[in-house]
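**Q** Going by our numbering, the sequence shown opens with residue 576, and the numbers climb by one from there. Supplied in structure tokens, the structure appears directly below.
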Amino acid sequence: MKVLVLNCGSSSLKYQLFDMEIEQPMAKGLVERIGIDGSRIKHTKVGIDSVTKNVDIANHKVAIKHVLEELLDEKVGVIKSLDEITAVGHRVVHGGEKFACSVMIDKDVIDALEECVPLAPLHNPANLMGIEAMVDVLPDVPQVGVFDTAFHQTMPDYAYMYGVPYHYYETYRVRRYGFHGTSHYYVANRAASIMGKPVEDLKIVTCHLGNGSSISAVDGGKSVDTSMGFTPVPGVIMGTRCGDLDPLLITFLAEQDGIDPKAMSHILNKESGILGISGVSSDLRDVEEAAEKGNDRAGLAEKMLCYGIRKYIGAYAAAMGGIDAIVFTAGIGENSIPTRAKVCQGLEFLGAEIDLEKNNVRGKETFISTDGSKVKIMVIPTNEELVIARDTKKIVSETK
Ligand code: AMP
Numbered sequence: 576m577k578v579l580v581l582n583c584g585s586s587s588l589k590y591q592l593f594d595m596e597i598e599q600p601m602a603k604g605l606v607e608r609i610g611i612d613g614s615r616i617k618h619t620k621v622g623i624d625s626v627t628k629n630v631d632i633a634n635h636k637v638a639i640k641h642v643l644e645e646l647l648d649e650k651v652g653v654i655k656s657l658d659e660i661t662a663v664g665h666r667v668v669h670g671g672e673k674f675a676c677s678v679m680i681d682k683d684v685i686d687a688l689e690e691c692v693p694l695a696p697l698h699n700p701a702n703l704m705g706i707e708a709m710v711d712v713l714p715d716v717p718q719v720g721v722f723d724t725a726f727h728q729t730m731p732d733y734a735y736m737y738g739v740p741y742h743y744y745e746t747y748r749v750r751r752y753g754f755h756g757t758s759h760y761y762v763a764n765r766a767a768s769i770m771g772k773p774v775e776d777l778k779i780v781t782c783h784l785g786n787g788s789s790i791s792a793v794d795g796g797k798s799v800d801t802s803m804g805f806t807p808v809p810g811v812i813m814g815t816r817c818g819d820l821d822p823l824l825i826t827f828l829a830e831q832d833g834i835d836p837k838a839m840s841h842i843l844n845k846e847s848g849i850l851g852i853s854g855v856s857s858d859l860r861d862v863e864e865a866a867e868k869g870n871d872r873a874g875l876a877e878k879m880l881c882y883g884i885r886k887y888i889g890a891y892a893a894a895m896g897g898i899d900a901i902v903f904t905a906g907i908g909e910n911s912i913p914t915r916a917k918v919c920q921g922l923e924f925l926g927a928e929i930d931l932e933k934n935n936v937r938g939k940e941t942f943i944s945t946d947g948s949k950v951k952i953m954v955i956p957t958n959e960e961l962v963i964a965r966d967t968k969k970i971v972s973e974t975k
């Protein structure tokens, strides 16, 4: 069975075609600048060859047609006919409270996703564009939606409710949803399997640290708390997002500088976090380099990030009544040796001891705790696309 996985942003589209017999991608690629001058497609036949083509790509439907052409291409393609694509799995950012697991997409699901647009106005419209374009181009191929929020639907109400008047929950579904669910699910289950224990018996803190970051408490394989909230802005500081704030800071700043809601959202989403504090970059690599050269604000951004992560780990250990493992994943979690070292310094009281030599690793699945550490500390590269492909295969097989 071959499954095409699509992740659509407002001007980009990432894809991977999986051979599900071996659970490996055969081809992958990225379409950038959709609807903008200078659009291009980069396509890779895994392990063989890559091509980049500069072509006019006016919308997502045109982008999908280019993707299918590359998949069929004589030289860099991997299939002979589109009939070989059994199903398409779509990453969908927000499934609200309606979707606690992946679903086969039909007209009712599309309507329900449209209802979720106010919950994720930056992401869901792009996901919907991808779904509608794909349904248009391959109308007979089953399409499955896999939601970033679904894994966190197991959180108890006392963890997901906010302390605002209850009617806001009833009217607008204002609550914590959490994101990066497929990643937290994948690394928690990988951690259990590497430890050789059932995930049901483990309490794990999963740290997905990338351009966007979230930390989750996974108890017995279920998400019981997570640092992102109603939106992906709260939690630890991120590339350009502010992380946790005193909510009245927002009204204070709005009044001081006459900032309207749209401009405020831009400041908190795009101008804050590591970029806002360091004034250097949203990319932690640049910030680490600047800090090393003596830039104090870059050093402060690093310290705020590591301190924030450590606080969440401590809080979630308390929330779960103990902890068996800490997992680092995504761009920063997989690659930033100093971040992992600084986060773990001071966690010895929990029984978590990092081995600084083992920590000297990037992008590889491995233990980085000392042999005697009660709490296992691990680096596990995430694989959200594989989770989407597996769920798609499962749902399509069940509905046959
Ligand atoms: P992601 O969103 O998971 O793709 O992560 C992207 C982020 O990971 C980048 O913006 C960087 O901040 C960070 N990153 C990637 N490689 C490294 C590295 N070697 N050292 C520090 N940070 C890194």
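C-beta atoms are modelled at their ideal positions from N, C-alpha and C, and glycine is treated no differently.
1. Provide the residue(s) that pair with Thr627 in DSSP beta bridges, ordered along the chain.
2. Less than 8 Å between the C-beta atoms of Ile609 and Lys628, yes or no?
3. Give the DSSP bridge partners of Cys782, in chain order.
4. Work out the CA separation of Val684 and Asp711 for me, nearest whole Å.
5. Just the Cα atoms here: how many angstroms apart are Val716 and Glu863?
6. Report the option in Val936, Gly896, Phe942 and Ile888 whose CA atom is closest to the CA atom of Gly921.
7. When the Cα of Ile884 is compared with those of Val642, Leu820 and Cys919, which residue comes out closest?
8. Report whether the distance from the Cβ of Leu859 to the nearest heavy atom of the ligand AMP is below 7 Å.
9. Report yes if the C-beta of Ala734 is less than 7 Å from at least one heavy atom of the ligand AMP; otherwise report no.
10. Taking the continuous alpha helix (DSSP H) assigned at Ser856, which residues delimit it?
11. Contact check, Gly897 vs Lys975 under 8 Å by CB: the rounded distance?
12. So Arg750 and Tyr735 are supposed to be a Cβ contact under 8 Å. How far apart are they, rounded?
13. Between Arg666 and Val692, what straight-line distance do the alpha-carbon atoms span, to the nearest angstrom?
14. Work out the CA separation of Ile654 and Lys589 for me, nearest whole Å.
15. What are the partner residues of Val663, as DSSP defines its beta bridges?
16. Going by other Cβ atoms of all chains shown within 10 Å of its Cβ, with 16 needed for buried, is Val954 buried or exposed?
17. Excluding the five sequence neighbours on either side, which residues of its own chain have a C-beta within less than 6 Å of the C-beta of Ser614, listed in chain order?
18. When we look at the beta-carbon of Tyr761 and count the other beta-carbons within 10 Å, is it buried (16 or more) or exposed?
19. Judging by CA-CA distance, which residue of Gly818, Ile852 and Ile970 is the nearest neighbour of Gly753?
20. Alpha carbon to alpha carbon, how far is Ser677 from Lys939? Give it in angstroms, no decimals.
21. Whole angstroms are fine: how far does the CA of Ala894 sit from the CA of Lys620?
22. When the Cα of Glu928 is compared with those of Val936, Pro913, Ile912 and Gly947, which residue comes out closest?
23. Over the uninterrupted beta strand (DSSP E) stretch that includes Ser798, give me the two end residues.
24. For the ligand AMP, any of its heavy atoms closer than 7 Å to the Cβ of Asn910?
25. With a CB to CB cut of under 7 Å and the five nearest residues on each side skipped, what residues in its chain are close to Tyr559?
26. Heavy atom of the ligand AMP less than 7 Å from the Cβ of Gly897, yes or no?
27. I'd like to confirm something about Gly785: is its beta-carbon nearer than 7 Å to some heavy atom of the ligand AMP, or not?
28. Between Lys951, Ser791, Gly671 and Asn634, which lies nearest to Val721 when the distance is taken from Cα to Cα?
29. Between the Cα of Ala767 and those of Leu875, Leu925, Glu973 and Val902, spot the shortest distance and give me the residue it belongs to.
30. Assuming Leu784 and Gly814 form a contact by the criterion Cβ under 8 Å, report the distance between their Cβ atoms to the nearest whole angstrom.
31. When burial is assigned at 16 or more other CB atoms within 10 Å of the CB, is Lys634 buried or exposed?
32. Which term fits Gln831, buried or exposed, when burial requires 16 or more other beta carbons within 10 angstroms of its beta carbon?
33. Confirm, please, whether the CB-CB distance from Lys951 to Ala900 is below 8 Å.
34. Please list the terminal residues of the continuous alpha helix (DSSP H) segment that includes Ala927.
35. If you measure between the beta carbons of Val663 and Ala638, is that distance less than 8 Å?
36. Answer with buried or exposed for Gln591, where buried requires no fewer than 16 other C-beta atoms within 10 angstroms of its C-beta.
**A** Let me lay it out:
1. Residue numbering aside, residue 627 sits at position 52 when the sequence shown is read from its first letter. In the DSSP output, where bridge partners are listed per residue, Thr627 has Lys617.
2. Reading the sequence shown from its first residue, position 34 is the one you call residue 609. Reading the sequence shown from its first residue, position 53 is the one you call residue 628. Against a cut-off of 8 Å, the Cβ pair of Lys628 and Ile609 comes out as no contact.
3. In the sequence shown, the residue the question calls residue 782 occupies position 207. Ile790 and Phe903, per the DSSP bridge assignment.
4. The residue given as residue 711 occupies position 136 in the sequence shown. The residue given as residue 684 occupies position 109 in the sequence shown. In this structure, the straight-line span from the alpha carbon of Asp711 to that of Val684 is close to 16 Å.
5. For the purposes of this step, residue 716 is identified with residue 141 of the sequence shown, where counting begins at 1. For the purposes of this step, residue 863 is identified with residue 288 of the sequence shown, where counting begins at 1. So the alpha carbons of these two residues sit roughly 46 Å apart.
6. Walking along the sequence shown from the start, residue 921 turns up at place 346. Of the candidates Val936, Gly896, Phe942 and Ile888, the one whose C-alpha sits nearest the C-alpha of Gly921 is Ile888.
7. Position 309 of the sequence shown, counted from the start, is the residue given in the question as residue 884. Ranked by how close their Cα comes to the Cα of Ile884, the residues Val642, Leu820 and Cys919 have Cys919 in first place.
8. On the sequence shown, residue 859 is found 284 positions in, with the first residue counted as 1. Yes.
9. For the purposes of this step, residue 734 is taken as the residue at position 159 of the sequence shown. No, the ligand AMP has no heavy atom inside 7 Å of this Cβ.
10. Along the sequence shown, one-based indexing puts residue 856 at 281. Taken as a continuous stretch (DSSP letters only), Ser856 belongs to no alpha helix (DSSP H), as it is neither H nor E.
11. As a first step, residue 897 must be located in the sequence shown, where it is residue number 322. As a first step, residue 975 must be located in the sequence shown, where it is residue number 400. Between Lys975 and Gly897 the Cβ distance is about 43 Å, and since that is not below 8 Å, they are no contact.
12. Position 175 of the sequence shown holds residue 750. Position 160 of the sequence shown holds residue 735. So it is a contact: roughly 5 Å between Cβ atoms.
13. For this step, residue 666 is matched to residue 91 along the sequence shown. For this step, residue 692 is matched to residue 117 along the sequence shown. Taking the straight line from one Cα to the other gives about 15 Å.
14. Looking up residue 589 in the sequence shown gives position 14. Looking up residue 654 in the sequence shown gives position 79. Answer to the nearest angstrom: the Cα atoms are 18 Å apart.
15. The residue labelled residue 663 in the question sits at position 88 within the sequence shown. Paired residues: Leu579 and Gln718.
16. Position 379 of the sequence shown, counted from the start, is the residue given in the question as residue 954. Under this definition Val954 is a buried residue.
17. Taking the sequence shown and counting its residues from 1, one reaches residue 614 at position 39. If we look at Ser614 and ignore the five residues flanking it on each side, its Cβ neighbours are Arg608 and Ile632.
18. Here the question's residue 761 lines up with position 186 in the sequence shown. Result: buried.
19. If you number the sequence shown from 1, residue 753 lands on position 178. Considering only alpha carbons, the answer is Gly818.
20. Numbered from its first residue, the sequence shown carries residue 939 at position 364. Numbered from its first residue, the sequence shown carries residue 677 at position 102. Each residue's Cα considered, the two are about 28 Å apart.
21. Locating residue 620 in the sequence shown gives position 45, counting from the first residue. Locating residue 894 in the sequence shown gives position 319, counting from the first residue. Distance from the CA atom of Lys620 to the CA atom of Ala894, rounded to whole angstroms, is 45 Å.
22. For this step, residue 928 is matched to residue 353 along the sequence shown. When C-alpha distances from Glu928 are compared across Val936, Pro913, Ile912 and Gly947, the shortest belongs to Gly947.
23. As a first step, residue 798 must be located in the sequence shown, where it is residue number 223. Looking at the DSSP string, the run of the beta strand (DSSP E) that includes Ser798 is Lys797 to Thr801.
24. By 1-based counting over the sequence shown, the position of residue 910 is 335. Answer for Asn910: yes, Cβ within range of the ligand AMP.
25. Residue 559 cannot be examined here, being either before or after the span of the chain that is shown, 576 to 975.
26. Counting from one through the sequence shown, the residue named residue 897 turns up at place 322. No.
27. Residue mapping note: residue 785 aligns to position 210 of the sequence shown, counting from 1. Yes, since a heavy atom of the ligand AMP falls inside the 7 Å radius drawn around the Cβ of Gly785.
28. Position 146 of the sequence shown, counting from 1, holds the residue named residue 721. Minimum Cα distance to Val721 is reached at Gly671.
29. For the purposes of this step, residue 767 is taken as the residue at position 192 of the sequence shown. Per the Cα distances, Val902.
30. Taking the sequence shown and counting its residues from 1, the one referred to as residue 784 is at position 209. Taking the sequence shown and counting its residues from 1, the one referred to as residue 814 is at position 239. Cβ atoms of Leu784 and Gly814 stay farther apart than 8 Å, at about 10 Å.
31. Numbered from its first residue, the sequence shown carries residue 634 at position 59. The question names Lys, yet the displayed sequence has Asn at residue 634. Flag for Asn634 reads exposed.
32. Residue mapping note: residue 831 aligns to position 256 of the sequence shown, counting from 1. A residue is called buried once 16 or more other Cβ atoms fall within 10 Å of its Cβ, and Gln831, having fewer, is exposed.
33. Position 325 of the sequence shown holds residue 900. Position 376 of the sequence shown holds residue 951. Their beta carbons are under 8 Å apart, which means Ala900 touches Lys951 by this criterion.
34. Here residue 927 is taken as the residue at index 352 of the sequence shown, counted from 1. Segment: none, Ala927 is in no alpha helix (DSSP H) and carries neither H nor E.
35. Translated into the one-based positions of the sequence shown, residue 663 becomes position 88. Translated into the one-based positions of the sequence shown, residue 638 becomes position 63. Not in contact: Val663 and Ala638 (Cβ atoms no closer than 8 Å).
36. As a first step, residue 591 must be located in the sequence shown, where it is residue number 16. It is buried - the Cβ of Gln591 has at least 16 other Cβ atoms within 10 Å.
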